[in-house]
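This report concerns only the one structure given below.
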């Protein structure tokens, strides 16, 4: 027996609703990177002396490494 046209159910498109609720992997990566950079900037502001000493040490190490 055939159902009348007004009782036929349309298939639900969950993909469009799910795409709006969940961010894409690229958006997730951008959010993670942005929050990571903000964390690093905050740490450097709070620990300026340690950051400068570490940058100097890395510079000396790379300078010695490239000199050879």
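Numbering (our numbering), first residue to last: -10 to 57.
Glycine included, each C-beta is placed from N, C-alpha and C at the ideal position.
DSSP places residue 14 in the uninterrupted alpha helix (DSSP H) bounded by 14 to 35. In terms of Cβ geometry, residue 23 and residue 33 do not form a close pair [threshold 8 Å]. In this structure, the straight-line span from the alpha carbon of residue 44 to that of residue 14 is close to 33 Å. A direct Cα-to-Cα measurement between residue 54 and residue 48 gives close to 10 Å.
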